[in-house]
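K.L.:
So that we are looking at the same thing, I have put the structure below in structure tokens.
2 protein chains.
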Amino acid sequence: MALPHAAPAQPIDVAPLGAALATTPTSALFKAGGLEVMRLVLPAGKSLPPHKVDGEITLHCIEGELELTVQRDGAEQRQRLQAGQLCYLEGGVVHAVSGVIDASALVTIVLRR
Amino acid sequence: MALPHAAPAQPIDVAPLGAALATTPTSALFKAGGLEVMRLVLPAGKSLPPHKVDGEITLHCIEGELELTVQRDGAEQRQRLQAGQLCYLEGGVVHAVSGVIDASALVTIVLRR
């Protein structure tokens, strides 16, 4: 993480990356008390493997298209998320995310303490 | 609130409202455990008066332009937020928000329990 995290009330640019997506890594934007936000960059065909976090999360697709795979009651539920769409997951739910079209997304995580 | 809240993993459209902004009210998108997300609609000149919440918040300007006024150490700090910009505030910070240009924004609130 080369850049310092943002301070409170400081504007952070989260507009689509466009051509810069291919050379932009996933990065943490800030962590503050009970909340963490990162910008996830997933080129087409790249994935985050199945994982879970304790707190609730939102996934907001900023550009491109993502596929979210949720494991619930022993079954897999797949959901596409396009630019301009957001969804949430409860805490503790195992999920994976992959890029269908070169994508970036805001991931907001509630931190359990 | 006429519409039911979204379910987990269900895509919610949060793209710019465009011409529909003038006739779209602020609405809750979901509340889940420790997290609440709403879409705030603030036409130019309209304001949310100073208020605070216990948990951290993010304010993500989806379209238009907002002015965020934060009260900190007895002084007011003003910050413009344009479409594609996001900022956060710690819990308990008194803040007001007004529309500079017809605006909508996602407001994410960590719920303290």
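Those protein sequences? They're chains A and B, same order as listed.
Start counting the first sequence at 1; every next residue gets the next number (the UniProt record's numbering).
Start counting the second sequence at 1; every next residue gets the next number (the UniProt record's numbering).
The C-beta atom is built at its ideal place from N, Cα and C for all residues, glycine as well.
Could you tell me the alpha carbon to alpha carbon distance between HIS95/B and ALA75/A, rounded to whole angstroms?
P.N.:
Taking the first residue of the second sequence as 1, we reach residue 95/B at position 95. Taking the first residue of the first sequence as 1, we reach residue 75/A at position 75. Going by the C-alpha atoms only, they are around 44 Å apart.
K.L.:
Which residues bound the beta strand (DSSP E) around ARG72/B?
P.N.:
Numbered from its first residue, the second sequence carries residue 72/B at position 72. Its beta strand (DSSP E) spans residues 57-72.
K.L.:
Any beta carbon from chain B within less than 7 Å of PRO8/A's own beta carbon?
P.N.:
Along the first sequence, read from residue 1 onward, the residue named residue 8/A stands at position 8. Chain B contact via Cβ: present.
K.L.:
Relative to the alpha-carbon of GLN79/A, which residue among VAL100/A, GLY91/A and ASP73/A has its alpha-carbon at the smallest distance?
P.N.:
By 1-based counting over the first sequence, the position of residue 79/A is 79. Minimum Cα distance to GLN79/A is reached at VAL100/A.
K.L.:
Identify which residue in THR69/B, ARG39/B and THR58/B has its Cα closest to the Cα of ALA103/B.
P.N.:
For the purposes of this step, residue 103/B is taken as the residue at position 103 of the second sequence. Checking every option, the nearest Cα to that of ALA103/B belongs to ARG39/B.
K.L.:
Go to ARG39/B, then tell me how far its beta strand (DSSP E) extends in each direction, as first and last residue.
P.N.:
Translated into positions along the second sequence, residue 39/B becomes position 39. Element bounds for ARG39/B: 35-42.
K.L.:
Which residues in the same chain have their Cβ closer than 8 Å to the Cβ of GLY18/B, if we skip the five residues on either side of it in sequence?
P.N.:
Reading the second sequence from its first residue, position 18 is the one you call residue 18/B. Cβ within range, chain order: GLU63.
K.L.:
Exposed or buried, which one is GLY34/B when buried takes at least 16 other CB atoms within 10 Å?
P.N.:
For the purposes of this step, residue 34/B is taken as the residue at position 34 of the second sequence. The residue is buried, with at least 16 neighbouring Cβ atoms inside 10 Å.
K.L.:
Strictly under 7 Å for the Cβ-Cβ distance: is MET1/A near chain B by that measure?
P.N.:
Counting from one through the first sequence, the residue named residue 1/A turns up at place 1. Low confidence applies here, because MET1/A scores a pLDDT of 43, under 50, leaving its location unreliable and the question unanswered by this model.
K.L.:
Starting from ALA105/B, follow its DSSP beta bridges and name the residues at the other end.
P.N.:
Walking along the second sequence from the start, residue 105/B turns up at place 105. The partner list for ALA105/B (beta bridge, DSSP) reads LEU40/B and CYS61/B.
K.L.:
Which of the three DSSP states, helix, strand or coil, is assigned to LEU81/B?
P.N.:
Here residue 81/B refers to the residue found at position 81 of the second sequence. Looking at LEU81/B - three-state DSSP - the assignment turns out to be strand.
K.L.:
Among ALA22/B, THR23/B, LEU42/B and ASP13/B, which residue has its Cα nearest to the Cα of LEU29/B?
P.N.:
Translated into positions along the second sequence, residue 29/B becomes position 29. Nearest option by C-alpha distance: ASP13/B.
K.L.:
Does the separation of the CB atoms of PRO105/B and LEU59/B fall below 7 Å?
P.N.:
Position 105 of the second sequence holds residue 105/B. Position 59 of the second sequence holds residue 59/B. Here residue 105/B turns out to be Ala, not Pro, going by the sequence shown. Yes, these two residues count as a Cβ contact at 7 Å.
K.L.:
With a CB to CB cut of under 7 Å and the five nearest residues on each side skipped, what residues in its chain are close to THR26/B?
P.N.:
The residue labelled residue 26/B in the question sits at position 26 within the second sequence. Counting only Cβ-Cβ distances below 7 Å, and skipping sequence neighbours, we find MET38, ARG39, LEU40 and VAL41.
K.L.:
According to DSSP, which residues form a beta bridge with VAL110/B?
P.N.:
The residue given as residue 110/B occupies position 110 in the second sequence. DSSP lists LEU35/B as partners of VAL110/B.
K.L.:
Between the Cα of GLY92/A and those of SER98/A, THR108/A and GLU56/A, spot the shortest distance and give me the residue it belongs to.
P.N.:
As a position in the first sequence, residue 92/A is number 92, starting the count at 1. Residue GLU56/A is the option with its Cα nearest to GLY92/A.
K.L.:
Shortest alpha-carbon distance to CYS87/B belongs to which of ARG72/B, GLN71/B, THR108/B and ASP73/B?
P.N.:
Locating residue 87/B in the second sequence gives position 87, counting from the first residue. Comparing Cα positions, the closest option is THR108/B.
K.L.:
Let me make sure I understand the geometry here. Which of LEU21/B, ALA32/B and THR23/B has the alpha-carbon closest to that of GLN10/B?
P.N.:
Numbered from 1 along the second sequence, position 10 holds the residue referred to as residue 10/B. Out of LEU21/B, ALA32/B and THR23/B, ALA32/B has the C-alpha closest to the C-alpha of GLN10/B.
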